[in-house]
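See below for the structure under consideration.
There are 2 protein chains.
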Amino acid sequence: MREEPDIARVASLVGDPARANMLTALMDGGALTASELALEAGVTMPTASSHLAKLVEGGLLTLQRQGRHRYYALSGHHVASMLETISGVAERVGPKRARPGPRDTAMREARICYDHLAGDRGVALYDSLLSRRILALRDDTVEIGPKGQAFFDELGIDLGSLSGQRRPLCRSCLDWSVRRSHLAGALGAALLETMMERKWARRDPQSRAILFSPAGKQNFERLLRG
Amino acid sequence: MREEPDIARVASLVGDPARANMLTALMDGGALTASELALEAGVTMPTASSHLAKLVEGGLLTLQRQGRHRYYALSGHHVASMLETISGVAERVGPKRARPGPRDTAMREARICYDHLAGDRGVALYDSLLSRRILALRDDTVEIGPKGQAFFDELGIDLGSLSGQRRPLCRSCLDWSVRRSHLAGALGAALLETMMERKWARRDPQSRAILFSPAGKQNFERLLRG
DNA sequence: CGCATGGTTCGATCCTTATCGAAGCATTGA
DNA sequence: TCAATGCTTCGATAAGGATCGAACCATGCG
């Protein structure tokens with residue numbers, strides 16, 4: 001009948017509250033065990049197990065056995081991207097919250113998306129790198145621009161080893177607030193990692209927010225200006 | 001409890017096959033009546049009516065009464081974008097189709113997304129405009145670049161009147177094949193309109209595909225090269 | 001081996017929701 | 001005013017699927 005991709009199948013997988021909670025919990029790109037996810041979703045283990053089986057069967061999650069633990073993770077960037085986009089719509093059409101809580105604000109400012117920086121800072125970084133020709137849009141993808149090699153050398157990020165990986169070096173990822181993008185891919189991950197190593201920022205253990213220290217903010221701003 | 005947007009609510013709206021069919025039918029940005037959508041979804045009118053009420057209530061569709069007809073349309077670009085992204089995931093994780101039919105190929109090459117050009121040609125156009133500095137990424141959004149005014153003047157597109165509209169002039173929209181973007185917004189719509197007016201291409205009445213004529217293809221390629 | 005822990009499978013229950021026929025409301029046209 | 005069209009509401013039915021307790025498998029540890 002229809003030749004088009006079966007979007008209802010995917011959407012209905014995300015459409016159950018328990019599963020949506022699980023997926024959201026995995027948005028930071030990490031892997032969690034079945035019991036952790038059960039807790040996260042607020043259901044008992046049999047229920048969680050059933051949901052997880054469906055998510056794996058549906059291709060949204062991958063499963064890795066380790067001893068008697070089973071670790072579940074998002075099956076890729078595309079899933080994280082999709083969840084972000086759905087979040088964006090839910091934000092707009094959802095009930096306007098009276099006032100966004102402090103954690104909400106922090107998430108908007110900077111958060112981890114799979115394995116790279118998202119939120120206002122992520123977008124600002126991406127735009128800055130593009131406008132300074134450190135990155136460049138070419139053909140289909142984001143690429144290293146003319147000023148890129150020098151920039152990343154100075155940061156101590158080795159482009160050679162990164163581009164050897166199987167995953168794409170650069171990718172853009174749509175943000176919550178739909179019309180902005182931020183940098184994903186191996187390079188996006190490496191940038192975030194560098195910032196964390198230098199203690200510019202740390203993760204909020206309670207959420208996906210990335211909390212910048214005052215000094216970290218200054219360093220980050222300097223990075224943006226070049 | 002959770003501060004995050006309620007993605008399950010939105011996803012479950014899309015997760016019903018009948019509703020998904022309706023939404024897909026509206027992906028071309030047009031408006032359809034309740035009975036047309038019922039037909040499209042393959043359900044009777046009472047069922048369709050119930051679904052449509054939910055979609056409006058959920059903020060995914062808007063309703064416009066005209067006489068004894070009720071026209072439903074996507075409530076905005078963000079909804080179209082979301083559907084494209086979900087399609088992208090469904091494509092990847094879905095059952096590998098034996099061989100894509102001819103219409104499927106046409107859709108991939110060029111199709112209408114809400115009101116602008118998507119697919120390979122849409123992506124190619126977007127990239128070309130960016131690399132030739134006709135468009136530029138700056139701060140948060142896509143903007144007119146240094147070479148833009150002249151380019152659009154020559155095409156007979158009046159940027160002044162377009163930017164007067166309430167909707168953003170430029171936007172990027174994530175494509176099916178997730179890592180590419182194409183141009184949306186008022187300008188994206190105007191570009192597609194221009195090409196249709198000049199008979200470079202026409203819509204396939206059976207699908208969302210855009211069919212280029214041989215001459216249209218050449219003109220389009222010339223447009224890309226500058 | 002025996003026991004604890006992590007996880008799945010099974011079966012029963014229950015709730016949600018998609019569905020449609022029939023009746024009702026609204027708008028148009030005669 | 002009456003009839004026709006477009007759509008919604010109501011009520012009943014049915015089906016899907018989310019949930020959990022109990023029993024069952026597997027791995028690791030003493």
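Protein chains in written order, with this note's numbering: chain Z, 1 to 226; chain Y, 1 to 226. The C-beta atom is built at its ideal place from N, Cα and C for all residues, glycine as well. Just so we're clear, the structure is a prediction, and the values are computed from it rather than from any experiment.
Exercise. Roughly how many whole angstroms lie between the Cα atoms of V93 (chain Z) and S207 (chain Z)?
Worked result: Straight-line spacing of the CA atoms in V93 (chain Z) and S207 (chain Z) works out to 23 Å.
For this session: Measuring only between beta-carbons, confirm whether V178 (chain Z) sits less than 8 Å from chain Y.
Result: Residue confidence is low: V178 (chain Z) scores 42 on pLDDT, short of 50, so the model does not pin down where it sits. Its coordinate-derived value is still stated next. Chain Y contact via Cβ: present.
Problem set entry | Minimum Cβ-Cβ distance from A98 (chain Z) to chain Y less than 8 Å | Note that A98 (chain Z) scores 47 on pLDDT, short of 50, meaning its location in the model is unreliable and no value can be drawn from it.
Exercise. Straight-line CA distance for P17 (chain Y) to L159 (chain Z)?
Worked result: For P17 (chain Y) and L159 (chain Z), the distance between alpha carbons rounds to 45 Å.
Exercise. Taking a cut of 7 Å between CB atoms, which residues from the segment 81-95 of chain Z lie near chain Y?
Worked result: Within the segment 81-95 of chain Z, the residues whose Cβ lies closer than 7 Å to some Cβ of chain Y are S81, M82, L83, T85, I86, S87, G88, V89, A90, E91, R92, V93, G94, listed in chain order.
Problem set entry | Stretch pair the segment 28-37 of chain Z + the segment 25-34 of chain Y: three plus CB contacts closer than 8 Å | With the cut-off at 8 Å, the segment 28-37 of chain Z and the segment 25-34 of chain Y do not touch.
Exercise. So is H78 (chain Z) in contact with chain Y if we call contact Cβ pairs under 8 Å?
Worked result: Judged by the 8 Å Cβ criterion, H78 (chain Z) is in contact with chain Y.
Problem set entry | Cβ-Cβ separation, I7 (chain Y) to S81 (chain Z) (assumed contact under 8 Å), whole Å | Contact flag wrong, Cβ pair sits at about 13 Å.
Problem set entry | Chain-ordered chain Z contacts of P307 (chain Y) [CB-CB under 7 Å] | Residue 307 (chain Y) cannot be examined here, being either before or after the span of chain Y that is shown, 1 to 226.
Exercise. With V123 (chain Z) and H182 (chain Z) assumed to form a contact (beta carbons below 8 Å), what rounded beta-carbon distance in angstroms separates them?
Worked result: At roughly 5 Å, the Cβ-Cβ gap stays under 8 Å, so V123 (chain Z) and H182 (chain Z) are in contact.
Exercise. Using the beta-carbon count (16 or more within 10 Å), is H51 (chain Z) buried or exposed?
Worked result: By the neighbour-count rule (16 or more Cβ atoms within 10 Å), H51 (chain Z) is buried.
For this session: Mind reading off the beta-carbon distance from A73 (chain Z) to I210 (chain Z)? Whole number of angstroms is fine, and I expect it under 8 Å.
Result: About 20 Å separates the two Cβ atoms, so there is no contact after all.
For this session: Check the Cβ-Cβ distances between T62 (chain Y) and every residue of chain Z, and say whether any is below 8 Å.
Result: No - not a single Cβ of chain Z is within 8 Å of the one on T62 (chain Y).
For this session: Please state whether DSSP places A110 (chain Z) in a helix, a strand or coil.
Result: Taken through DSSP and simplified to helix, strand or coil, A110 (chain Z) comes out as coil.
Exercise. What does L74 (chain Y) touch in chain Z if you count any residue whose Cβ is under 7 Å from its own?
Worked result: Under the 7 Å cutoff, chain Z gives no residues; its nearest Cβ is about 11 Å from L74 (chain Y).
Exercise. Are there 16 or more other CB atoms within 10 angstroms of the CB of E91 (chain Z), so buried, or fewer, so exposed?
Worked result: By the Cβ-count criterion, E91 (chain Z) is buried, with 16 or more other Cβ atoms from all chains shown falling within 10 Å of its own Cβ.
For this session: Could you name the residues of the segment 11-31 of chain Y whose beta carbon sits closer than 7 Å to any beta carbon of chain Z, in the order they occur along the chain?
Result: For the segment 11-31 of chain Y, the set of positions with a beta-carbon nearer than 7 Å to some beta-carbon of chain Z reads A11, S12, V14, G15, D16, P17, A20, T24 in chain order.
Exercise. If you scan the segment 15-88 of chain Z from start to end, which runs of the beta strand (DSSP E) of 3 or more residues do you find wholly inside it?
Worked result: Within the segment 15-88 of chain Z, the complete beta strand (DSSP E) runs of at least 3 residues are 61-66, 69-74.
For this session: May I ask you to list, following chain order, the residues of the segment 118-134 of chain Y that have a beta carbon less than 7 Å from some beta carbon of chain Z?
Result: For chain Z, the residues of the segment 118-134 of chain Y that bring a beta carbon within less than 7 Å of one of its beta carbons are V123, D127, L130, S131, in chain order.
For this session: Output yes or no for whether 8 Å exceeds the beta carbon distance between E143 (chain Y) and L155 (chain Y).
Result: Going by C-beta atoms, E143 (chain Y) is not nearer than 8 Å to L155 (chain Y).
For this session: Measuring only between beta-carbons, confirm whether R65 (chain Z) sits less than 8 Å from chain Y.
Result: Not closer than 8 Å to any Cβ of chain Y, the Cβ of R65 (chain Z) fails to qualify, so no.
Problem set entry | Contact set between G58 (chain Y) and chain Z, taken where Cβ atoms lie within less than 8 Å | Ordered by position in chain Z, the residues that pass the 8 Å Cβ test against G58 (chain Y) are V93.
For this session: For L191 (chain Z), decide whether its Cβ has a neighbour in chain Y, counting only Cβ atoms nearer than 8 Å.
Result: Judged by the 8 Å Cβ criterion, L191 (chain Z) is not in contact with chain Y.
For this session: Count the other CB atoms, across all protein chains shown, that sit within 10 Å of the CB of H116 (chain Z); report buried if there are 16 or more and exposed otherwise.
Result: By the C-beta density criterion, H116 (chain Z) is buried, having at least 16 other C-beta atoms within 10 angstroms.
Exercise. Q64 (chain Z) to S75 (chain Z), Cα distance in whole Å?
Worked result: Straight through space, the alpha carbons of S75 (chain Z) and Q64 (chain Z) are spaced by roughly 11 Å.
Exercise. Can you list, in chain order, the residues of the segment 193-223 of chain Z whose Cβ is nearer than 7 Å to any Cβ on chain Y?
Worked result: Taking a C-beta cut-off of 7 Å against chain Y, none of the residues of the segment 193-223 of chain Z qualify.
For this session: Check the Cβ of L137 (chain Y) against every Cβ in chain Z and list those closer than 8 Å, keeping chain order.
Result: Per Cβ cutoff of 8 Å: D127, L130, S131, L137.
Exercise. Under 8 Å, do L192 (chain Y) and L162 (chain Y) count as touching if we go by C-beta distance?
Worked result: No.
Problem set entry | A186 (chain Y) at chain Z interface by Cβ criterion, 8 Å | With 8 Å as the cut-off, A186 (chain Y) does not count as an interface residue toward chain Z.
Exercise. Does the separation of the CB atoms of C113 (chain Y) and C173 (chain Y) fall below 8 Å?
Worked result: Cβ distance < 8 Å, so C113 (chain Y) and C173 (chain Y) count as in contact.
Problem set entry | As assigned by DSSP and simplified to three states, the class of L169 (chain Y) | In this structure, DSSP gives L169 (chain Y) a state outside helix and strand, which the three-state scheme calls coil.
Exercise. Using a Cβ-Cβ distance under 8 Å, would A8 (chain Y) count as near chain Z?
Worked result: Cβ-Cβ to chain Z under 8 Å: yes for A8 (chain Y).
Problem set entry | Own chain, CB closer than 8 Å to M107 (chain Y), minus 5 neighbours either side, in chain order | Around M107 (chain Y): G119, S207, R208, A209.
Exercise. What's the gap between the Cα of N219 (chain Z) and the Cα of T24 (chain Z)?
Worked result: Using only the alpha carbons, I get a separation of about 30 Å.
For this session: To the nearest angstrom, report how far apart T47 (chain Z) and A41 (chain Z) are at their CA atoms.
Result: Each residue's Cα considered, the two are about 10 Å apart.
Exercise. Would you call the CB atoms of A11 (chain Y) and A11 (chain Z) closer than 8 Å?
Worked result: Remark: C-beta atoms of A11 (chain Y) and A11 (chain Z) approach each other more closely than 8 Å.
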